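Chemist:
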Amino acid sequence: MNAAPDFQTGFNLLVCRLALGDIENMKRDFRKLVEIPMADGDGRLTEDILIDEANTSQEANREMDTRTKEANHFLLTAARLIAPMLDSDDWSAGYDWVSNALEERHEELAVQMKLELATQRLKRKDVGAAVKMMKTLQKKDKRANAATATNLSFVSFLEGNIERASNYADIALGSDRYNAKALVNKANCLFVSGDFTLAKDLYLEAIGVQADCVQAIFNLGLANAQLGLAEEAIHAFQKAHKISNNPQVVFQIADIYELSGRSHDAMKWFNVLAARVPSDPANLTRLGQLYAEAKDESQGLHYQLESFRHYPIDLDIISWIGTWFVQQEMYEKSCYFFQQAALVQPKEIKWGEYLFVSRAGFSPFWPEVVASAINNNSLTNRPMPFNVSFAFAKGFMVASAHKRCDKLEIAFLEYEKLHDQFPDNVELLYIVLALSTAGLRHLVATTKQLGKPSFRYEDKLDKLL
365 MNAAPDFQTG
375 FNLLVCRLAL
385 GDIENMKRDF
395 RKLVEIPMAD
405 GDGRLTEDIL
415 IDEANTSQEA
425 NREMDTRTKE
435 ANHFLLTAAR
445 LIAPMLDSDD
455 WSAGYDWVSN
465 ALEERHEELA
475 VQMKLELATQ
485 RLKRKDVGAA
495 VKMMKTLQKK
505 DKRANAATAT
515 NLSFVSFLEG
525 NIERASNYAD
535 IALGSDRYNA
545 KALVNKANCL
555 FVSGDFTLAK
565 DLYLEAIGVQ
575 ADCVQAIFNL
585 GLANAQLGLA
595 EEAIHAFQKA
605 HKISNNPQVV
615 FQIADIYELS
625 GRSHDAMKWF
635 NVLAARVPSD
645 PANLTRLGQL
655 YAEAKDESQG
665 LHYQLESFRH
675 YPIDLDIISW
685 IGTWFVQQEM
695 YEKSCYFFQQ
705 AALVQPKEIK
715 WGEYLFVSRA
725 GFSPFWPEVV
735 ASAINNNSLT
745 NRPMPFNVSF
755 AFAKGFMVAS
765 AHKRCDKLEI
775 AFLEYEKLHD
785 QFPDNVELLY
795 IVLALSTAGL
805 RHLVATTKQL
815 GKPSFRYEDK
825 LDKLL
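Numbering-wise, the sequence shown is residues 365 to 829 according to the working numbering.
(1) To the nearest angstrom, how far is it from the Cα of residue 373 to the Cα of residue 462?
(2) Kindly indicate which three-state DSSP category residue 640 falls into: helix, strand or coil?
(3) Please list the terminal residues of the continuous alpha helix (DSSP H) segment that includes residue 453.
(4) Would a C-beta distance cut-off of 8 Å place residue 564 and residue 588 closer than the cut-off?
(5) Between which two residues does the alpha helix (DSSP H) holding residue 617 run?
(6) Can you grab the Cα-Cα spacing for the pair residue 552 / residue 583, in whole Å?
(7) Should the stretch 481-494 be regarded as contacting the stretch 525-539, the criterion being three or more beta carbon pairs within less than 8 Å?
(8) For the stretch 442-451 against the stretch 472-483, do three or more pairs of beta-carbon atoms, one drawn from each stretch, fall closer than 8 Å, so that the two count as touching?
(9) Could you check if residue 577 is buried or exposed, using at least 16 other CB atoms within 10 Å of its CB as the buried criterion?
(10) Just to check my reading of the structure: residue 684 and residue 703 have Cβ atoms closer than 8 Å, yes? What is that Cβ distance to the nearest angstrom?
(11) With C-beta atoms as the reference, is residue 438 less than 8 Å away from residue 394?
(12) Residue 510: which of 488, 546, 486 sits nearest, CA to CA?
(13) Below 7 Å CB to CB, which residues in the same chain sit around residue 596 once its five sequence neighbours on both sides are set aside?
(14) Whole angstroms are fine: how far does the CA of residue 391 sit from the CA of residue 567?
(15) Just confirm the distance between the C-beta atoms of residue 656 and residue 637, as a whole number of angstroms; I'd bet it's less than 8 Å.
(16) Quick check: the Cα distance between residue 413 and residue 398, rounded to an integer number of angstroms?
(17) Taking the C-alpha atoms as reference points, what is the distance between residue 319 and residue 610?
(18) What's the gap between the Cα of residue 548 and the Cα of residue 428?
(19) Are the CB atoms of residue 614 and residue 628 nearer to each other than 8 Å?
(20) Judging by CA-CA distance, which residue of 650, 533, 646, 653 is the nearest neighbour of residue 675?
(21) In terms of alpha-carbon separation, which member of 430, 449, 434 lies closest to residue 388?
(22) Jot down the residue ranges of each uninterrupted alpha helix (DSSP H) in the stretch 632-680, minimum 4 residues, whole runs only, in chain order.
(23) Between residue 631 and residue 651, how many whole angstroms is the CB-CB distance? I'm expecting something under 8 Å.
(24) Can you look up residue 524 in the DSSP assignment and give me helix, strand or coil?
(25) Taking just the CA atoms, how far does residue 521 sit from residue 475?
(26) Looking only at its own chain, which residues have a Cβ that is under 6 Å from the Cβ of residue 417, when we skip the five neighbours before and after it?
(27) Who are the near neighbours of residue 353 in its chain, counting only those whose CB is closer than 8 Å to its CB and skipping five residues on each side?
Below, the structure is given as structure tokens:
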């Protein structure tokens, strides 16, 4: 650097200083990097390339432009690397120091570093200071107008001020029509305003300016979806997927396939999403529903159980699984899931009803009756009072479960305790009668199997009948 300084060598030296944490020498070497002769005010190289003034060929101009861009790249990258490290007490002080060092010979780069400081403030959620700084830059330096207006548009959009965001986007596009980010900002404003067609046109224009602009491609897919153009939406999302393997893109593809009735393709992409985000309960639920609709019950149950494992308080999932086990006459398992639902909503009486019904049906058709009851939120087609306490419903289910498992002694004690607890409950007796007096018949049958006296329960049953 002392004999024949160049940007590549100076940049490498700065990286070494950064790795060593040598702050003072880092500052000194950055000043040397800034002072390397590069270009005059017109962007032409002055000392590192000697060109005859008469030779104005395109090749020479391209060479100068290439070297200028390369030098700017080294300077800007070096500035971004060292700025946060220069002051351990105040991270922003390093950005101020770097901007001042660049200002005399490289004003445009100094402005970019000020914008970088504003961006860092946004990342650190210091929105007020960032917006104030960008507005100041916009007023003082026209060269920063497009960049600051683009950032202010984005911030305003996030704050929900769509009109102001649109105005800033117009200012940015007025300064530079080929600003892909400004085009996306303007299109976003139109999108939330419901003008999907014009938003789509601007997204396409942004893609024309910057072919790999993922935001424009993704939002183009959303606009196409809103316009009902499913194939075009899928094409856009698949293009975005190739550029950025983002789970949100995969979800959009799967979602559109499902909404279009293409269940097989939807399952394929939901499986891709499950591989990327294996613990997302919503995705696992969708997969389970798709497999269930495709009559693949084992896979459907598997994904619903996985969803329950990751999010055990989703009442829709709990209800689905409980109903499935009821239909399969797997009583104990259904009981467990409805008990989980009751723990999530202890004051919700319907879970007590579902628990009661899932153990109280003894006709050959009871699984279908239970499934219908759960789906329709009613036990029968005629009005009945169902303000039975959760304590009764839970106790009845526990007792029934023990009886079905041939644990007769325990079942007897549970039934007896339940009867003693609710000896004159009219609503209880009404429900028991409506369900073929299930509780008392169980109680009578259990006591007889155990060889215990059952006459008082038989008398009660005779009165009901």
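Glycine residues also receive a C-beta, built at the ideal position from the N, C-alpha and C atoms. This structure is a prediction, so every number in the text was calculated from the model and none was measured.
Modeler: Working from what's here:
(1) It is roughly 19 Å from the alpha-carbon of residue 373 to the alpha-carbon of residue 462.
(2) In the structure shown, residue 640 sits in a helix (DSSP, three-state: H, G or I).
(3) Segment: none, residue 453 is in no alpha helix (DSSP H) and carries neither H nor E.
(4) yes
(5) Unbroken alpha helix (DSSP H) run through residue 617: 611-623.
(6) Answer to the nearest angstrom: the Cα atoms are 8 Å apart.
(7) no
(8) yes
(9) buried
(10) By a beta-carbon distance limit of 8 Å, residue 684 does not contact residue 703. Their separation comes to about 16 Å.
(11) no
(12) 546
(13) 588
(14) 43 Å
(15) About 18 Å separates the two Cβ atoms, so there is no contact after all.
(16) Because the pLDDT at residue 413 is just 48, under 50, the model does not fix this residue reliably, and the value given afterwards should be weighed accordingly. Their Cα atoms are separated by approximately 17 Å.
(17) Given a span of 365 to 829 for the chain in the structure shown, any question on residue 319 remains unanswerable.
(18) Roughly 32 Å between the two C-alpha positions.
(19) no
(20) 646
(21) 449
(22) 645-657, 661-674
(23) Right, the Cβ-Cβ distance comes to about 7 Å (below 8 Å), so this counts as a contact.
(24) coil
(25) 24 Å
(26) Because residue 417 carries a pLDDT of 47, less than 50, the predicted location of this residue cannot be relied on, and no value is offered for it.
(27) In the structure as shown, the chain starts at 365 and stops at 829, and residue 353 therefore has no counterpart that could be examined.
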